[in-house]
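First up is the structure itself, then whatever we jot down about it.
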Amino acid sequence: MLLTLLIVSSCTTLKPTQWKMDSLTAVGGHLTAVIGNPKSIKGKGGAQVISFDGVDDGLLVDHNPIAGAEEFTIEVVFKPNAAWPANVEQRFLHIEDMALGQRRILLELRLNNRNQWYADFFMRTEKAALTLIDSTKTHPVGEWATMTLTYKDKQLKGYVNGQRELSGEIEYLPIPASAKTSIGTRMDQRSWFNGEIQSVKVWKRALQPKKYSNYL
């Protein structure tokens, strides 16, 4: 009985905020502002996904899923298109209160001319900034992938498909609850994403991706 309770307690603690990309008007129960003309289409396994054209498509979600967190995990399941050289720099998840500025988190990717992409993770505060990027750690475009960012105890770590690729040290200063989340574009509407996004998951704990991902 005690073991059962411990398992239930653990599962409850690890339950993520899950945003399925199956609607343009609301994400995870939060209203969105639609930018351009993103489309809801069938993706992997028939699941609804949102397609972004890399020109002027995006969603602005009126919510900060890491509000109040001292540690966190952010996971995005997506498929980037072959869009070099039109969309070399793509910022597809951005959390910030633009009215306050300075504190932000971005999940990004870069394309090269060999139909490959590589991950770029970014955090900024008023005290420091950290970019995690390595152009030698490439992945093929046109395939579904998972990017995961974790933070705990001044350690920022970036994963692709469950494998840690990048890490660095920075002190996270909490992004306020008033922040919003931009999907498919940087919040100031540039660096557009060209591809499809299936889901965004957020845990208010730093986790090892292979221990929880039901996608890999």
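The sequence shown lines up with residues 14 to 229 when you count with my numbering. We put the beta carbon where it would ideally sit given N, CA and C, even for glycine. As the structure is a prediction and not an experimental result, all values here were calculated from the model.
Beta-bridge pairing by DSSP links arginine 117 to Glu109, Arg137.
For the options Phe135, Leu119, Leu113, the alpha carbon positioned closest to that of alanine 190 is the one of Leu113. With contacts defined as CB atoms closer than 7 angstroms, threonine 86 and alanine 192 fail to qualify as a contacting pair. In this structure, asparagine 94 and glycine 208 form a Cβ contact; the two beta carbons are roughly 5 angstroms apart against a cut-off of 8 angstroms. Per the coordinates, the alpha-carbon of tryptophan 157 lies some 21 angstroms from the alpha-carbon of proline 29. Note on the region 15-96: whole alpha helix (DSSP H) runs with a minimum of 4 residues are 15-27, in chain order. Taken through DSSP and simplified to helix, strand or coil, proline 153 comes out as strand. Within the model, the alpha-carbon separation for glycine 41 versus tryptophan 32 is close to 5 angstroms.
With contacts defined as CB atoms closer than 7 angstroms, methionine 111 and methionine 200 qualify as a contacting pair.
Counting the other Cβ atoms within 10 Å of the Cβ of glutamine 103 gives 16 or more, which makes it buried.
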